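Novice:
Residue numbers (this note's numbering): 1444 to 1555.
#1: When you compare the CB positions of residue 1492 and residue 1509, do they come within less than 9 Å of one another, or not?
#2: Using a Cβ-Cβ cut-off of 8 Å (strictly less than) and excluding sequence neighbours within five positions of residue 1457, which residues of its own chain qualify?
#3: Does the separation of the CB atoms of residue 1525 and residue 1486 fall below 9 Å?
#4: Just the C-alpha distance for residue 1496 and residue 1465, rounded to the nearest angstrom, thanks.
#5: Does DSSP put residue 1507 in a helix, a strand or coil?
#6: Less than 9 Å between the C-beta atoms of residue 1518 and residue 1504, yes or no?
#7: With the cut-off set at 9 Å, would you say residue 1388 and residue 1523 are in Cβ contact?
#8: Can you tell me whether residue 1473 is helix, strand or coil according to DSSP?
#9: Residue 1497 lies in the alpha helix (DSSP H); which residues open and close that run?
#10: Span of the alpha helix (DSSP H) holding residue 1550?
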């Protein structure tokens, strides 16, 4: 799709969402601040995302997709879902249940 894994992760996180702070984006993507800064700069240069001052805190910026970025999200995300569906369809119902349970445990560890 012409995107790095991290670029795709950022676009997928911002897609169909209101703009968010860099801190929130980093927490949602698990991308370090240093890496995220470079990724955001490259996506901004490509016209995929924009930064605006945070109206609630002028020390931070709100990161959101541009119209072009949202169109890119709407084009690539369905392909990503098809790719995942193809991969996960190879699992039995029991295996899928086990994977789901394991991911829920991992999610709980990271969010609590």
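Note that the Cβ used here is the ideal one computed from N, Cα and C, for glycine as well. This one's a predicted model, so the numbers in the text were calculated from it and none came from an experiment.
Specialist: On the basis of the data shown:
#1: A contact, by the Cβ cut-off of 9 Å.
#2: Contacts found: 1463, 1468, 1492, 1506, 1507, 1508, 1512 and 1516.
#3: Contact annotation: residue 1525 and residue 1486 have beta-carbon atoms that are not nearer than 9 Å.
#4: Taking the straight line joining both Cα atoms gives about 11 Å.
#5: The answer is strand: DSSP assigns residue 1507 an E or B state.
#6: Between residue 1518 and residue 1504, the C-beta gap is not smaller than 9 Å, which leaves the two residues out of contact.
#7: The first residue shown for the chain is 1444 and the last is 1555, placing residue 1388 beyond what the model contains.
#8: DSSP, reduced to helix, strand and coil, places residue 1473 outside both helices and strands of the structure shown, so it counts as coil.
#9: Bounds of any alpha helix (DSSP H) do not take in residue 1497; it lies within the beta strand (DSSP E) bounded by 1492 to 1497.
#10: Annotation for residue 1550: the continuous alpha helix (DSSP H) segment containing it runs 1536 to 1554.
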